[in-house]
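There are 2 protein chains.
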Amino acid sequence: MLNYSTSEENYIKAIFHLQGEATTVTTNGLAHELSTKPASVTDMMKKLKTKKLLHYRPYRGFHLSQEGKKVALGIIRRHRLWEYFLSEKLQFTWDEVHEVAEQLEHVSSKKLIDKLDEFLGFPRFDPHGDPIPDRHGRILSSRQICITELSLNKTAIVCNVSDQSSEILELLKHKNINIGTKLEVKKKFDFDNSMEISAASRGKIRQPQLFTISEQLAKNIFVTSTLTPLRVEEGKKNI
Amino acid sequence: MLNYSTSEENYIKAIFHLQGEATTVTTNGLAHELSTKPASVTDMMKKLKTKKLLHYRPYRGFHLSQEGKKVALGIIRRHRLWEYFLSEKLQFTWDEVHEVAEQLEHVSSKKLIDKLDEFLGFPRFDPHGDPIPDRHGRILSSRQICITELSLNKTAIVCNVSDQSSEILELLKHKNINIGTKLEVKKKFDFDNSMEISAASRGKIRQPQLFTISEQLAKNIFVTSTLTPLRVEEGKKNI
DNA sequence: AAATATTTTTAGACAAAACTAAAAGATTGT
DNA sequence: ACAATCTTTTAGTTTTGTCTAAAAATATTT
Ligand SMILES: [Mn+2]
Ligand SMILES: [Mn+2]
Ligand SMILES: [Mn+2]
Ligand SMILES: [Mn+2]
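Residue numbers (our numbering), protein chains in the order written: chain A, 17 to 255; chain B, 17 to 255.
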């Protein structure tokens with residue numbers, strides 16, 4: 017596998033995150049995601065096209081090629097392993113890991129990452145609950161859904177919080193909600209889309225508590241059903 | 017402390033390594049050290065001068081300012097802590113750590129490095145026996161000397177091997193010599209400058225063995241006297 | 001189907017970091 | 001002292017990645 021510049025890698029990763037299943041990504045969308053200008057995106061798309069990392073027809077948008085996805089998964093693997101390391105070994109908090117991992121992910125050494133993976137005990141989820149691709153680019157899909165979509169009285173486990181600001185961290189800490197917390201939605205109020213949930217922190221043998229969650233907060237909490245088994249999602253062709 | 021580009025950092029570090037106590041470094045010398053061209057060095061020296069990291073008079077050479085030395089020691093700290101991490105935690109061999117550390121050293125996060133230092137147990141020497149500056153830029157001098165300069169029958173400890181090729185590693189492994197090995201020079205032969213040494217591997221309770229060392233090999237082995245106490249060498253003004 | 005608005009691409013410029021070739025400064029040998 | 005040599009700097013390009021402004025293509029309204 018060839019090496020790519022930090023800039024190229026950031027574009028590849030951003031395209032991967034924007035393109036869901038087979039959607040095509042737009043110039044403006046990517047420019048916005050990367051806080052850059054559309055003209056810069058067009059330049060880079062031409063370059064990545066000649067490197068066969070994506071399919072691109074002028075004015076028609078673009079999406080990653082099979083090779084491009086493989087590269088993206090490699091970058092995501094590095095990013096999430098470093099986040100796990102920072103959180104688990106260096107006691108970084110949840111909201112501090114991303115910024116540093118953004119730098120560490122660009123250090124290119126296959127051996128470094130595979131040894132780090134081993135050292136960490138082959139973790140499968142990063143501190144935000146996102147799955148970590150394995151050394152072959154295989155990634156588990158935790159079939160995440162937002163709690164706004166969760167049916168009433170169905171038990172689920174918090175696996176992701178999309179907004180990673182310290183403000184949300186503070187709020188969740190206060191309500192005793194964490195990655196791994198089991199919860200159920202007990203009631204939904206149509207007036208302001210707030211909801212009442214019962215939650216029991218992982219490991220603690222304690223009576224589940226009732227909390228009210230605002231619409232803004234609910235939109236940022238993602239859960240995975242306790243029943244859904246994990247399935248392989250990306251890199252299927254490479255198993 | 018400001019942030020510097022990877023390129024600037026590599027220049028600063030190279031100047032630090034070239035300038036001994038108060039020597040002035042030359043354009044050609046630095047160009048050679050960095051495998052670049054003299055013209056590129058001149059350009060960068062102008063830039064680093066405006067940033068007050070070095071003293072530079074055209075045609076007269078340059079040396080790091082107090083601030084420049086502080087920056088250099090920060091880079092060296094990061095480099096050597098990562099080397100220790102790779103060797104100690106990820107089981108990298110001696111000769112593999114440098115190349116990866118060369119990339120990791122440019123990740124700029126004070127917290128990352130201080131937490132890493134703590135996680136590693138505040139190690140004082142990297143896998144090559146070079147001292148690691150502490151968080152204030154203080155560094156221990158191990159007063160290293162080459163075994164070619166060691167007097168006969170004086171016990172010393174291997175603390176550094178300047179050539180880090182896998183060839184020398186293989187040779188030393190075969191002769192059972194490592195960082196930490198106690199040795200004495202028993203005889204020197206003027207004909208080919210080879211020498212006979214007795215060495216006992218660290219930790220192992222075993223009869224010291226006699227080995228013949230060629231001049232080329234001897235030149236690359238550095239030791240520290242078992243009696244010399246460590247002293248603070250750099251960053252004296254900042255304690 | 002035009003007219004209008006939006007999105008995307010092109011053209012031209014710039015900064016960082018490198019290079020080559022030529023000019024200028026410093027050093028050395030006679 | 002001065003010519004020859006070596007070192008260093010300057011001038012002018014190159015590559016990568018960014019930007020602004022203008023032009024072209026596509027999408028939306030009327
Ligand atoms: Mn992240
Ligand atoms: Mn990044
Ligand atoms: Mn090194
Ligand atoms: Mn470096």
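Where is the CB? At the ideal position from N, CA and C, for every residue including glycine.
**Prompt:** Is the shortest distance between the beta-carbon of V113(A) and the beta-carbons of chain B less than 8 Å?
**Reply:** No, no contact with chain B.
**Request:** For the beta strand (DSSP E) holding K198(B), just list the boundary residues, first then last.
**Result:** Where K198(B) is concerned, the enclosing beta strand (DSSP E) stretches over K198 to K204.
**Request:** Check each candidate in V87(B), T22(B) and R76(B) and name the one with the smallest Cα separation from R154(B).
**Result:** With respect to the C-alpha of R154(B), the residue from V87(B), T22(B) and R76(B) having the closest C-alpha is V87(B).
**Request:** Compute the minimum distance between the beta carbon of N26(B) and the heavy atoms of ligand 4, and state whether it is under 7 Å.
**Result:** N26(B) has its Cβ nearer than 7 Å to a heavy atom of ligand 4.
**Asked** Does the beta carbon of Q180(A) sit closer than 8 Å to a beta carbon anywhere in chain B?
**Response** At a cut-off of 8 Å between C-beta atoms, Q180(A) does not count as an interface residue with respect to chain B.
**Message:** Assuming V177(A) is part of the beta strand (DSSP E), what are its boundary residues?
**Reply:** Taken as a continuous stretch (DSSP letters only), the beta strand (DSSP E) holding V177(A) covers A172 to V177.
**Request:** Work out the CA separation of E115(A) and L185(A) for me, nearest whole Å.
**Result:** Here the C-alpha atom of L185(A) lies approximately 16 Å from the C-alpha atom of E115(A).
**Message:** Tell me the residue span of the alpha helix (DSSP H) that contains Y100(B).
**Reply:** Taken as a continuous stretch (DSSP letters only), the alpha helix (DSSP H) holding Y100(B) covers Q82 to E104.
**Prompt:** Residue range of the alpha helix (DSSP H) that S23(B) falls in?
**Reply:** Where S23(B) is concerned, the enclosing alpha helix (DSSP H) starts and stops at T22 to L34.
**Prompt:** Around the Cβ of N236(A), are there at least 16 other Cβ atoms within 10 angstroms (buried) or fewer (exposed)?
**Reply:** By the 10 Å Cβ count, N236(A) comes out buried.
**Message:** Please determine whether the Cβ atom of A88(B) lies at a distance below 7 Å from any heavy atom of ligand 3.
**Reply:** For ligand 3, not one heavy atom lies less than 7 Å from the Cβ of A88(B).
**Prompt:** Taking Cβ-Cβ distances below 8 Å as the criterion, which residues of the segment 151-163 of chain A are in contact with chain B?
**Reply:** Cβ contacts with chain B come from no residue of the segment 151-163 of chain A.
**Asked** From which residue to which residue does the beta strand (DSSP E) around T228(B) run?
**Response** Taken as a continuous stretch (DSSP letters only), the beta strand (DSSP E) holding T228(B) covers Q225 to I229.
**Prompt:** Distance, Cα to Cα, S172(A) vs G196(A)?
**Reply:** Here residue 172(A) turns out to be Ala, not Ser, going by the sequence shown. If you take the alpha carbons of A172(A) and G196(A), they lie about 9 Å apart.
**Message:** Could you give the first and the last residue of the continuous alpha helix (DSSP H) run that contains S56(B)?
**Reply:** Start and end: P54 to T66.
**Message:** Cβ closer than 7 Å: which chain A residues qualify as neighbours of F141(B)?
**Reply:** Within chain A, no residue comes near F141(B); the closest Cβ sits about 21 Å away, beyond 7 Å.
**Pick from T52(B), G36(B) and S81(B) that is closest to T66(B), judged by C-alpha positions** = Taking the Cα of T66(B) as reference, the smallest distance to any Cα among T52(B), G36(B) and S81(B) is reached at S81(B).
**Stretch pair the segment 131-147 of chain A + the segment 94-110 of chain A: three plus CB contacts closer than 8 Å** = As far as the Cβ criterion goes, the segment 131-147 of chain A touches the segment 94-110 of chain A, which means the pair count is three or higher.
**Request:** Please say whether L168(A) and K202(A) have beta carbons closer to each other than 8 Å?
**Result:** A contact, by the Cβ cut-off of 8 Å.
**Message:** Measuring only the C-alpha atoms, how far is D179(B) from T39(A)?
**Reply:** Approximately 53 Å between the Cα atoms of the pair.
**Distance CB(S181(A))-CB(D111(A)) smaller than 8 Å** = Contact: yes.
**Asked** According to the Cβ coordinates, are H144(A) and N176(A) closer than 8 Å?
**Response** By the CB criterion at 8 Å, H144(A) and N176(A) fall inside the cutoff.
**Message:** So, for Y27(B): in the same chain, excluding its five sequence neighbours on each side, which residues have a beta-carbon less than 6 Å away from its beta-carbon?
**Reply:** For Y27(B), where only same-chain residues beyond five positions count, the Cβ hits under 6 Å are M60.
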